[in-house]
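The block underneath contains the structure these notes are about, expressed in structure tokens.
Protein chains: 2
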Amino acid sequence: MPDEMSPPRPAVALVTRELGSYFGERLSTNQTLRRQHAHTLTWGENQPPDAVVFVQSAQEVARVVTLCTEHGVPVIPYGTGTSLEGHVNAPFGGICIDLGQMNRVVAVHAEDLDCVVEPGVTRKALNDFLRDTGLFFPIDPGADASLGGMISTRASGTNAVRYGTMKDNVLSLEVVTPQGEIIRTARRAKKSSAGYDLTRLFVGAEGTLGVITQATLKLQGIPEAIAGGICPFPSVEAACNATILTIQSGIPVARIELLDALQVKAVNLHSKLGLTETPMLLLEFHGTEASVKEQSARFGEIAGELGGGPFSWTVKPEERSRLWQARHDAYWAGLALRPGAKAVATDVCVPISRLADCVTQTQADIERTGLIAPILGHVGDGNFHVTLLVDMDDPADIARVEGFLHRLVQRGLAMEGTCTGEHGIGQLKRKYMREEHDAGALALMRAIKTAFDPKGIMNPGKVLD
Amino acid sequence: MPDEMSPPRPAVALVTRELGSYFGERLSTNQTLRRQHAHTLTWGENQPPDAVVFVQSAQEVARVVTLCTEHGVPVIPYGTGTSLEGHVNAPFGGICIDLGQMNRVVAVHAEDLDCVVEPGVTRKALNDFLRDTGLFFPIDPGADASLGGMISTRASGTNAVRYGTMKDNVLSLEVVTPQGEIIRTARRAKKSSAGYDLTRLFVGAEGTLGVITQATLKLQGIPEAIAGGICPFPSVEAACNATILTIQSGIPVARIELLDALQVKAVNLHSKLGLTETPMLLLEFHGTEASVKEQSARFGEIAGELGGGPFSWTVKPEERSRLWQARHDAYWAGLALRPGAKAVATDVCVPISRLADCVTQTQADIERTGLIAPILGHVGDGNFHVTLLVDMDDPADIARVEGFLHRLVQRGLAMEGTCTGEHGIGQLKRKYMREEHDAGALALMRAIKTAFDPKGIMNPGKVLD
Numbered sequence: 002m003p004d005e006m007s008p009p010r011p012a013v014a015l016v017t018r019e020l021g022s023y024f025g026e027r028l029s030t031n032q033t034l035r036r037q038h039a040h041t042l043t044w045g046e047n048q049p050p051d052a053v054v055f056v057q058s059a060q061e062v063a064r065v066v067t068l069c070t071e072h073g074v075p076v077i078p079y080g081t082g083t084s085l086e087g088h089v090n091a092p093f094g095g096i097c098i099d100l101g102q103m104n105r106v107v108a109v110h111a112e113d114l115d116c117v118v119e120p121g122v123t124r125k126a127l128n129d130f131l132r133d134t135g136l137f138f139p140i141d142p143g144a145d146a147s148l149g150g151m152i153s154t155r156a157s158g159t160n161a162v163r164y165g166t167m168k169d170n171v172l173s174l175e176v177v178t179p180q181g182e183i184i185r186t187a188r189r190a191k192k193s194s195a196g197y198d199l200t201r202l203f204v205g206a207e208g209t210l211g212v213i214t215q216a217t218l219k220l221q222g223i224p225e226a227i228a229g230g231i232c233p234f235p236s237v238e239a240a241c242n243a244t245i246l247t248i249q250s251g252i253p254v255a256r257i258e259l260l261d262a263l264q265v266k267a268v269n270l271h272s273k274l275g276l277t278e279t280p281m282l283l284l285e286f287h288g289t290e291a292s293v294k295e296q297s298a299r300f301g302e303i304a305g306e307l308g309g310g311p312f313s314w315t316v317k318p319e320e321r322s323r324l325w326q327a328r329h330d331a332y333w334a335g336l337a338l339r340p341g342a343k344a345v346a347t348d349v350c351v352p353i354s355r356l357a358d359c360v361t362q363t364q365a366d367i368e369r370t371g372l373i374a375p376i377l378g379h380v381g382d383g384n385f386h387v388t389l390l391v392d393m394d395d396p397a398d399i400a401r402v403e404g405f406l407h408r409l410v411q412r413g414l415a416m417e418g419t420c421t422g423e424h425g426i427g428q429l430k431r432k433y434m435r436e437e438h439d440a441g442a443l444a445l446m447r448a449i450k451t452a453f454d455p456k457g458i459m460n461p462g463k464v465l466d
Numbered sequence: 002m003p004d005e006m007s008p009p010r011p012a013v014a015l016v017t018r019e020l021g022s023y024f025g026e027r028l029s030t031n032q033t034l035r036r037q038h039a040h041t042l043t044w045g046e047n048q049p050p051d052a053v054v055f056v057q058s059a060q061e062v063a064r065v066v067t068l069c070t071e072h073g074v075p076v077i078p079y080g081t082g083t084s085l086e087g088h089v090n091a092p093f094g095g096i097c098i099d100l101g102q103m104n105r106v107v108a109v110h111a112e113d114l115d116c117v118v119e120p121g122v123t124r125k126a127l128n129d130f131l132r133d134t135g136l137f138f139p140i141d142p143g144a145d146a147s148l149g150g151m152i153s154t155r156a157s158g159t160n161a162v163r164y165g166t167m168k169d170n171v172l173s174l175e176v177v178t179p180q181g182e183i184i185r186t187a188r189r190a191k192k193s194s195a196g197y198d199l200t201r202l203f204v205g206a207e208g209t210l211g212v213i214t215q216a217t218l219k220l221q222g223i224p225e226a227i228a229g230g231i232c233p234f235p236s237v238e239a240a241c242n243a244t245i246l247t248i249q250s251g252i253p254v255a256r257i258e259l260l261d262a263l264q265v266k267a268v269n270l271h272s273k274l275g276l277t278e279t280p281m282l283l284l285e286f287h288g289t290e291a292s293v294k295e296q297s298a299r300f301g302e303i304a305g306e307l308g309g310g311p312f313s314w315t316v317k318p319e320e321r322s323r324l325w326q327a328r329h330d331a332y333w334a335g336l337a338l339r340p341g342a343k344a345v346a347t348d349v350c351v352p353i354s355r356l357a358d359c360v361t362q363t364q365a366d367i368e369r370t371g372l373i374a375p376i377l378g379h380v381g382d383g384n385f386h387v388t389l390l391v392d393m394d395d396p397a398d399i400a401r402v403e404g405f406l407h408r409l410v411q412r413g414l415a416m417e418g419t420c421t422g423e424h425g426i427g428q429l430k431r432k433y434m435r436e437e438h439d440a441g442a443l444a445l446m447r448a449i450k451t452a453f454d455p456k457g458i459m460n461p462g463k464v465l466d
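Below you can see the structure in the form of structure tokens.
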């Protein structure tokens, strides 16, 4: 939907009026509220929708989408607004569908290790709900995002090395198509070979192919024992090599997180931890008491062989929290490195054999560019984040950061990596789609978009250009 | 591509002639060869292609597809021909692309735990190739299928409960589109949030959206220790409940296979094993020596609580093979139950909580219908196979089996299951797509097919009707 194709104002006014007469106070055109629904978490311009509607059922979503399709008005699905690349902005106006009130856990099937949720349930709310069942949902992006949003961005987090990403943890979806039809992508069986994988097509589509109104998710048994610990390394390379060896050895590590020296320094400053300011790996192992002890001991040996250590670890929950404090405080500690600055988070992901190179080159770039930007990585997946501390009032600072972000993506792509491992494309990384994918692959993505949404009303201006 | 839309004979003749002038002896119109390439492994009619071409590169595939698209001639990709639902039949004639000569392992990236293969590499050939690397590829359907075929049918097998299915083990694909363009679906990073999941769209598409010419696959470290064993149960229900409890407890079982009493009887007859003729679970655990022993012991406790046992297990390779002999011999033993009969294998998959019901009702149906049909299940996934021993010369027997197959699918679907967990739709299960998927979901699948392949030349008459 190019700029000149923004819907005519009378169409928007008509749709807003009609929705208002149905939704009453659940439709709002309040400017503050509209702007809140379009925040970008970066320096990206705030582009508010024309109205926000708070839906409570798939039928209501279908009603909104049907009306919008009829009049060519954009639809922007909204969960918690914690996406990082401008996913919820409304560059062509339109109707923002806030799914936050669709927050019921519809069913938990403990024997099948699955549950059925509405899209507005957040990951923490789901795990609170599950507390007494002995089960949990493992995917944990930083924010307490909605599950619908996590599906739409193909989110992951610290546990992905063990439990996979959202792609691996959705059994089935209910979706309202751009035609306003309510469909189901698959049945509840754990696997199927019956037809095209519509589920995986909606996972990561960022609301550009339809609105997710229900999801059937895989659950995991809460491990009997958890060991956690922290291990310093002489270099990023040694830490990355330890990660590779750990995974090659078949140690089923549940979390393996890298903090670079600057991130460790930040945590020391912020939380008075007194850690050695070198790269650190933080690890977690899930299993029986005996197996997590064995895994921890084996990791300690690997770390030692690579010049790292000592690996301090424990199976006691309180001590584990203490050892992991550096990770828990990382975000706020980072902010403290530059008071008054805003933190802009970005991510790339490369084959793990290239990770040390990619991180080291990125550190040199940060140094050269004069930025303050700690690095934190889900290194088991080859995925890392740079948290850029930006003075939003200084155009020169923003320009420096933009240049850095561009080089970071180029570096990742040159190493057979992706421009985003878990944040998504949104508005801000669209320009890299042509570099990441060949023209033929992009043509297929566009063909899917056109086939599903010929009028281009679903979250226009995102993913594809 | 409805019947009346079979390509005109002159078009076929022209394409065959043009391909012949390029491929020389690598193009064949020999009738025996053509029929071999269209076998169905059932009573389904053999529908041979007009010609078979043995390709050696993606460029050659692109050449064939481009020419066929231009003249509206069907293209049928072929790996080893071990698919079970008529996937390689050519109901409208056309050109069969035999990918068997594209059988190079292009690269092994041991640090990244991935490899790049041509589609004609079989799973056993890949594991032979990997032998000295300490790595293996875990997906193991019964046959020594080609990896391209396994991707196309979204295959799995005994290891899926631990390592997932083909859907979970493909990082990226090179595909020749119906327009004859060579595209890549993703980069080599372990995860990505950059755009629509084209990879998963081609996994399970059964060659109806393009021809896979290269695949980047995940590998696993060969476990340090493997424990294997066999455990009798008083009933299918007890065996299924033990499976559920095992998985809920977080025991990372690598294989958990159910043999029903008839299957055990068959093995006794065939291999003189002297096993108690009750339902049996066969299990395998992967890990360190200590952890597989712990897992085995814990499973033994669970089995005991449910009236099963004794669980005989070992970590010694030769003894493990002996204990697993019942599973290894299952197929041939089944055949021996009815000498001269042909074995027709089918599969359904249901949520695991419904598995005991589904198997028990299916056994009663087999009994009532007067069939001889042992059952064998990948029970950790809720997936099971019925091996029907059919007298192919007796239309009444075939009719009985067809009736049974229909009821089996209905039963699986009524339990929120799928009409196929791992064999695929092919020709023979197309009629169930309307029952498994709602009209809106099917419309989206058709929209994808039309968008990718507007002339409908790619493996017509499969998956969708």
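These protein sequences, in sequence, are chains A and B. Those letters in the first sequence? Residues 2 to 466, by this note's numbering. Those letters in the second sequence? Residues 2 to 466, by this note's numbering. Just so you know, even glycine gets a beta-carbon here, dropped at the ideal spot from N, CA and C. These numbers were taken from a predicted model, which means no experiment stands behind them.
Can you tell me the Cα-Cα spacing of residue i and residue j, whole angstroms?
i	j	result
residue 284(B)	residue 83(B)	26 Å
residue 245(B)	residue 65(B)	49 Å
residue 222(B)	residue 248(A)	8 Å
residue 76(B)	residue 20(B)	13 Å
residue 463(A)	residue 109(B)	36 Å
residue 343(B)	residue 87(B)	16 Å
residue 168(A)	residue 164(B)	15 Å
residue 111(A)	residue 419(B)	20 Å
For the alpha helix (DSSP H) containing residue i, list its first residue and its last residue.
i	result
residue 407(A)	396-415
residue 390(A)	Here residue 390(A) belongs to no alpha helix (DSSP H); instead the beta strand (DSSP E) covers 384-391.
residue 329(B)	326-329
Could you say which of the options lies nearest to residue i if we only look at CA atoms?
i	options	result
residue 155(B)	170(B), 145(B) and 318(B)	170(B)
residue 126(A)	436(A), 426(A) and 81(A)	81(A)
residue 424(A)	281(A), 311(A), 42(A) and 73(A)	42(A)
residue 54(A)	48(A), 63(A) and 347(A)	63(A)
residue 236(A)	228(A), 278(A), 205(A) and 268(A)	278(A)
residue 456(B)	310(B), 333(B), 180(B) and 389(B)	180(B)
residue 316(B)	306(B), 291(B), 451(B) and 221(B)	291(B)
residue 24(B)	56(B), 14(B) and 391(B)	56(B)
residue 113(A)	356(B), 44(B), 369(B) and 211(B)	356(B)
Starting from the beta carbon of residue i, find every residue of chain B whose beta carbon is closer than 9 Å, and list them in chain order.
i	result
residue 41(A)	Within 9 Å Cβ-Cβ: nothing; residue 41(A) doesn't reach chain B, min ~17 Å.
residue 461(A)	In chain order: nothing, as chain B lies at least about 16 Å away.
State yes or no: is the C-beta of residue i nearer than 7 Å to some heavy atom of the ligand MG?
i	result
residue 440(A)	As presented, the structure is devoid of all ligands, the ligand MG included, so that no description of it is given.
Along chain A, in chain order, which residues have C-beta atoms closer than 8 Å to that of residue i?
i	result
residue 88(B)	The premise fails here: residue 88(B) is roughly 11 Å from chain A at the closest Cβ pair, so nothing lies under 8 Å.
residue 388(B)	Ordered by position in chain A, no residue passes the 8 Å Cβ test against residue 388(B), which lies about 18 Å from the chain.
Can you name the residues of chain B whose CB is closer than 8 Å to the CB of residue i?
i	result
residue 178(A)	441 and 445
residue 350(A)	190, 191, 192 and 193
residue 74(A)	Within chain B, no residue comes near residue 74(A); the closest Cβ sits about 22 Å away, beyond 8 Å.
residue 110(A)	352 and 354
What residue range is occupied by the uninterrupted beta strand (DSSP E) comprising residue i?
i	result
residue 286(A)	281-288
residue 185(B)	183-185
residue 254(A)	254-260
residue 197(A)	Taken as a continuous stretch (DSSP letters only), residue 197(A) belongs to no beta strand (DSSP E), as it is neither H nor E.
Kindly list, in the order they appear in chain A, the residues whose Cβ is closer than 7 Å to that of residue i.
i	result
residue 204(B)	198
residue 453(B)	445 and 448
By the criterion of Cβ-Cβ separation under 7 Å, what are the contact partners of residue i in chain B?
i	result
residue 78(A)	In chain order: nothing, as chain B lies at least about 16 Å away.
Quiz item: Which residues, taken in chain order from the segment 126-144 of chain A, show a beta carbon closer than 9 Å to some beta carbon of chain E?
Solution: The chain labelled as chain E is not found among the protein chains of the depicted structure, namely A and B.
Quiz item: Is the segment 429-445 of chain B touching the segment 179-194 of chain A, taking contact as three or more C-beta pairs under 8 Å?
Solution: Taking a cut-off of 8 Å for Cβ pairs, the segment 429-445 of chain B and the segment 179-194 of chain A touch, as three or more such pairs fall below it.
Practice problem: Count the C-beta pairs between the segment 338-353 of chain B and the segment 223-231 of chain B that are closer than 8 Å, then say yes if the count reaches three, no if not. | Solution: no
Quiz item: Should the segment 304-318 of chain A be regarded as contacting the segment 257-269 of chain A, the criterion being three or more beta carbon pairs within less than 8 Å?
Solution: no
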